[in-house]
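Undergrad: The structure's right below; bear with me while I get my questions together.
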Amino acid sequence: STKTLLQTLKHFYKPTHSLQYFYTGVTPGINFPEFTAVGMMDGGQFMYYNSNERKAVPKTDWIKKIDGDDAEYWKRETQILQGTQERFKVGVQTIMKHFNQTKGIHTVQYMYGCELDDDKTRRGYEQNGYDGEDFLSLDLKTGTWIATVPQAFITKQKWESGIVSMLKVAYLENECIKWLQKYVDYGRSVLERKDRPEVSLFQKDSGSPVVCHATGFFPKAVMISWQKNGEDLNEDVELRETFCTLVPEELKNNNYTCVVQHSSLEKELVLKVSELGGSLGVIVGAVVAVLLLVLIACVGVVICKKKFGK
């Protein structure tokens, strides 16, 4: 049932720590580095490297603490990424051959990382893309590769026939988690802070949907939902960014409230649509542009109950 699904999703979106890396390689000829690498911890950038500067650099204050324990850290990261840069250069050319391409602007993207839940549950993943489309992804449980286009089968067979898969699985399940835990220790005051969400109700006019929107919260897991006359609306559960909508026809004869749950709150935050009355239309005209920017920038995960009663 939908109610069971909601309970499952609530459990799934418990607080986690995540470590991610994003690599991008492009063919020469444009005003952009041929290789870039970004390290992200809990959705915030902590490291950056590009082929123009050829040096790994810190992007947040907490990671600089590592210098006191490991004076060679940045030198070692730089050397690793310089080697990765050369492999990407070859990789772009190799995949171009798989697609029978000899010229043009092309990109190879590589994302990998791991997550650790409060209950010590571990997850790892790796995805590879070419020209903005999926190419290969790793099935961590089986150690095999999922090829999403025929041109990826050559790489799939090569990686599965050697030790590449075994090494990648071992890294994601062990080494990656070890570094994640180390980074949490250095950045705990930032990574485990709790920022309360700011919640607003918006409506462009009386015929438009009411939007319940949350921003400014940390950690990134949040749940926004609607209640009708004090009862949860459980139908048609879908994932959304940081908002839930309510169709205006439902407002006339019922009492609707927006309910926000977040780890920074001692109890759920409740906003009543009826208390805002006719002022909603005035508010939204001034904030639409800001709202769109926030929706693009926000990394929140929200469980939204979208459709309301028959």
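Each residue of the sequence shown is one higher than the one before, starting from 1 at the first, in UniProt numbering. Don't be surprised by glycine CBs; every beta carbon is placed ideally from N, CA and C.
#1: So Gly83 is in the alpha helix (DSSP H); what residue range does that whole segment cover?
#2: Please work out which residues of its chain come closer than 8 Å, Cβ to Cβ, to Tyr186, disregarding the five sequence neighbours upstream and downstream, and give them in chain order.
#3: When the Cα of Gly143 is compared with those of Phe88, Val259, Ile163 and Asp232, which residue comes out closest?
#4: Buried or exposed for Gly216, going by 16 or more other Cβ atoms inside 10 Å?
#5: Alpha carbon to alpha carbon, how far is His17 from Asn253?
#6: Exposed or buried, which one is Ala37 when buried takes at least 16 other CB atoms within 10 Å?
#7: Excluding five sequence neighbours on each side, which residues of the same chain lie with their C-beta closer than 6 Å to the C-beta of Leu293?
#8: State the CB to CB distance for the pair Ile177 and Cys114, rounded to an integer number of angstroms; the pair is presumed to be in contact (CB under 8 Å).
#9: From Val149 to Asp134, what distance separates their C-alpha atoms?
#10: Reducing DSSP to helix, strand and coil, say where Ile30 ends up.
#11: Assign Ile163 to one of three DSSP states: helix, strand, or coil.
#12: Assign Thr155 to one of two classes, buried (16 or more other C-beta atoms within 10 Å of its C-beta) or exposed (fewer than that).
#13: Who are the Cβ neighbours of Glu77 in its own chain at under 8 Å, not counting the five residues just before and after it?
#14: Thinking just about the alpha-carbon of each residue, which of Gln20, Asp42, Phe35 and Gly25 is nearest to the one in Arg188?
#15: Using a Cβ distance threshold of 8 Å, determine whether the stretch 119 to 126 contacts the stretch 26 to 34, with at least three qualifying pairs required.
#16: Nearest to Ser274 by CA position, among His262, Asn255, Ser263 and Lys267, is which residue?
#17: Less than 8 Å between C-beta atoms, sequence neighbours within five positions excluded: which residues of the same chain meet that for Ser161?
#18: Three-state secondary structure (DSSP) at Lys178?
#19: Provide the residue(s) that pair with Trp145 in DSSP beta bridges, ordered along the chain.
#20: Tell me the rounded alpha-carbon separation between Val282 and Ser225.
#21: Using DSSP's beta-bridge definition, name the partner residues of Thr36.
#22: Apart from the five residues on each side of it in sequence, which residues of its chain come closer than 6 Å, Cβ to Cβ, to Ser51?
TA: Judging by the given coordinates:
#1: Counting from 1 along the sequence shown, the entry for residue 83 is found at position 83. Per DSSP, Gly83 belongs to the alpha helix (DSSP H) from Tyr73 to His98.
#2: Here residue 186 refers to the residue found at position 186 of the sequence shown. Trp62, Ile63, Lys65 and Ile66, listed in sequence order.
#3: Taking the sequence shown and counting its residues from 1, one reaches residue 143 at position 143. When each option's Cα is compared against that of Gly143, the closest is Ile163.
#4: By one-based count along the sequence shown, residue 216 stands at place 216. Of the residues assessed, Gly216 falls on the exposed side of the cut-off, its CB having fewer than 16 other CB atoms within 10 angstroms.
#5: Residue 17 sits at position 17 when you count from the first residue of the sequence shown. Residue 253 sits at position 253 when you count from the first residue of the sequence shown. One alpha carbon belongs to His17, the other to Asn253, and they sit about 44 Å apart.
#6: Taking the first residue of the sequence shown as position 1, residue 37 is located at position 37. Buried, since its Cβ has 16 or more Cβ neighbours within 10 Å.
#7: Within the sequence shown, numbered from 1, the residue matching residue 293 stands at position 293. Its pLDDT being 36, under 50, Leu293 is placed unreliably in this model, and the coordinates cannot settle the point.
#8: Along the sequence shown, one-based indexing puts residue 177 at 177. Along the sequence shown, one-based indexing puts residue 114 at 114. Ile177 to Cys114, Cβ: 5 Å. Contact.
#9: Walking along the sequence shown from the start, residue 149 turns up at place 149. Walking along the sequence shown from the start, residue 134 turns up at place 134. Taking the straight line joining both Cα atoms gives about 8 Å.
#10: One-based indexing of the sequence shown puts residue 30 at position 30. Ile30 carries a coil assignment under DSSP once its states are collapsed to helix, strand and coil.
#11: As a working mapping, residue 163 is identified with position 163 in the sequence shown. Coil, per DSSP.
#12: Mapped onto the sequence shown, residue 155 falls at position 155. Thr155 is buried by the Cβ-count criterion.
#13: Your numbering for residue 77 matches position 77 in the sequence shown. Closer than 8 Å at Cβ, skipping near neighbours: Met47, Tyr49 and Ala56.
#14: Counting from 1 along the sequence shown, the entry for residue 188 is found at position 188. Considering only alpha carbons, the answer is Asp42.
#15: The stretch 119 to 126 vs the stretch 26 to 34: no contact.
#16: Within the sequence shown, the letter at position 274 stands for residue 274. Asn255 is the residue among His262, Asn255, Ser263 and Lys267 whose C-alpha sits nearest the C-alpha of Ser274.
#17: Position 161 of the sequence shown holds residue 161. Same-chain partners within the cutoff: there are none.
#18: Here residue 178 corresponds to residue number 178 of the sequence shown, with the count starting at 1. Assigned with DSSP and collapsed to three states, Lys178 falls in helix.
#19: Walking along the sequence shown from the start, residue 145 turns up at place 145. DSSP, once it has assigned bridges, lists Leu138 as partnering Trp145.
#20: Position 282 of the sequence shown holds residue 282. Position 225 of the sequence shown holds residue 225. With a pLDDT of 35 at Val282, under the threshold of 50, the modelled position of that residue is not reliable, and no figure is offered here.
#21: As a working note, residue 36 is residue 36 in the sequence shown. The secondary-structure analysis by DSSP pairs Thr36 across a beta bridge with Thr24 and Asn50.
#22: By one-based count along the sequence shown, residue 51 stands at place 51. In its chain, beyond the 5 residues on either side, Pro33, Glu34, Phe35 and Gln85 have a beta carbon closer than 6 Å to the beta carbon of Ser51.
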